[in-house]
Amino acid sequence: MYTTSRERMVRSVLLKAEALTKNFEGLKAVDAVDLHINEGEIVAIIGPNGAGKTTLFNLISGMHRPTSGKVLFQGEAINNIKPYQIADKGIKRTFQTTALFDQLRVLDNLVIGQRVRTKTGLWDALFRTKLSKREREESAVRVLQTASFIGLGNQLTDFVSTLSQEAQKRLAIGIALVSEPKLILLDEPTGGINPGETAGLIDLIKRIRDSGVTVCLIEHKMRMVMNMADRIIVLNYGKKIAEGTPEEVCNNKLVIQAYLGGKCIA
Ligand SMILES: Nc1ncnc2c1ncn2[C@@H]1O[C@H](COP(=O)(O)OP(=O)(O)OP(=O)(O)O)[C@@H](O)[C@H]1O
Ligand SMILES: [Mg+2]
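Using the working numbering, read the sequence shown as starting at 39 and increasing by one per residue.
Now the structure itself:
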């Protein structure tokens, strides 16, 4: 748990989208997108507002069914199964608007994130019913490790409503991380945070990748993307218009026209 496995990582394809398309009443929100995410990398999805970035995450995580096309996770098609089954296969996500139980404590939020994955499920997480002794112990260890990993180890009993915006963002990531996913999808992990407060989140995201969990994130803060992403995929009007290293994307004319507004911020 939380060891550095980056050096040992073999770069195989973890997730693949093939001609992935989602129409909303004539609007092609995602339009024949082909992409792949390799094990062990941080991939950033960028593009203007309304480009289809969140819809892409909704398709991968099963919240939307594609109009056409496929999503393959570790070689297996996952586009016709339910969101909880996709989560169970090891894909977890956060949302553009942070979704926390803000009347509960940090600890409760992490326990719920963890228990949703165990056999006994959410019902038992809420009503604290039967878990095996081993499950209880493993779950407690994982929750404590995760709290410490996200920098909230000393705030376990704090109510979420008292946390800073930045700490709430870290907790939302912790809830996704606590169930040991293989791939984590972060929808604007620094949304609403001012640029001066993003250093801790950048460090956390890099440590997630270094611990062996593959990261795909949507982000508008270009300086952050350029400093952190191994690879960038650019969407515009639902279509993939470019992909490559930060440097390649930064120098791509289509991307500069559609999104970067004429200047590169590497
Ligand atoms: N459930 C829906 N029903 C109808 N249209 C939708 C739905 N979800 C998204 N859209 C439309 O699909 C397009 C893509 O939306 P999406 O939320 O994926 O964009 P985005 O790239 O995440 O934008 P932002 O950067 O503003 O978050 C937009 O035109 C949006 O209005
Ligand atoms: Mg979005």
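C-beta atoms are modelled at their ideal positions from N, C-alpha and C, and glycine is treated no differently.
Exposure of residue i, with buried meaning 16 or more beta-carbon neighbours within 10 Å
i	result
Arg269	buried
Arg49	exposed
Gly85	buried
Lys291	exposed
Cys288	buried
Ser199	exposed
Thr68	This sequence places Val at residue 68; Thr is not what is there. Result: buried.
Ala296	buried
Thr92	buried
Thr252	buried
Ala267	buried
Val181	buried
Leu224	buried
Arg46	Low confidence applies here, because Arg46 scores a pLDDT of 45, under 50, leaving its location unreliable and the question unanswered by this model.
Ala96	First, the amino acid is wrong: residue 96 is Asn here, not Ala. It counts as buried.
Lys130	buried
Gln123	exposed
Asn274	buried
Gly90	buried
Nonlocal neighbours in the same chain, by C-beta distance under 6 angstroms from residue i, ignoring five residues either side
i	result
Asn61	Thr105
Gly113	none
Lys108	Glu56, Ala115 and Asn117
Asp196	Val144
Ser43	Summary for Ser43: the model assigns pLDDT 49, below 50, so the residue's position carries little reliability, and this model does not support an answer.
Lys220	Gly128
His74	Val51 and Lys54
Glu218	none
Ile222	Lys130, Ala214, Val251 and Val253
Ile83	Lys91, Ile256 and Ile271
Proximity to residue i [Cα-Cα], best of the options
i	options	result
Leu138	Met262, Gln203 and Phe95	Gln203
Val51	Gly78, Ala70 and Val68	Gly78
Asp72	Lys54, Ile83, Gly151 and Ile150	Lys54
Gln134	Gly128, Tyr122, Leu94 and Gln141	Leu94
Glu25	Ile75, Gly128, Val81 and Thr59	With the chain represented from 39 up to 304, any question about residue 25 goes unanswered, as that position is not in the structure.
Ser177	Gly191, Val293, Glu286 and Gln152	Gln152
Asp140	Gly88, Ser99 and Leu209	Leu209
Asp248	Phe187, Gly90 and Glu63	Phe187
Asp146	Met101, Gln193 and Gly100	Gln193
Met264	Arg174, Thr132 and Gly282	Gly282
Gly64	Gly276, Leu298, Val293 and Gly299	Gly276
Ser99	Cys254, Ile150 and Glu175	Cys254
Thr136	Lys207, Asn96 and Leu201	Lys207
Ile256	Leu142, Lys66 and Thr132	Thr132
Met101	Leu142, Ile119 and Leu242	Ile119
Leu110	Ile246, Leu58 and Asn87	Leu58
Arg103	Asn87, Pro121 and Gly88	Pro121
Gly88	Ile243, Leu201 and Lys66	Lys66
Contacting residues, own chain, Cβ-Cβ under 7 angstroms from residue i (five flanking each side not counted)
i	result
Thr184	Leu148, Gly212, Leu215 and Val216
Pro233	Lys259
Thr236	Thr228, Lys259 and Met262
Val293	Val272, Ile279, Ala280 and Val287
Gly230	Gln203
Cβ shell of residue i (< 8 angstroms), same chain only, five flanking positions each side left out
i	result
Gly191	Leu182 and Ala185
Asp241	none
Which residues end up in the neighbourhood of ligand 1 when you take C-beta atoms closer than 6 angstroms to any of its heavy atoms? Phe62, Leu65, Ala67, Gly85, Asn87, Gly88, Ala89, Gly90, Lys91, Thr92, Thr93 and Gln134
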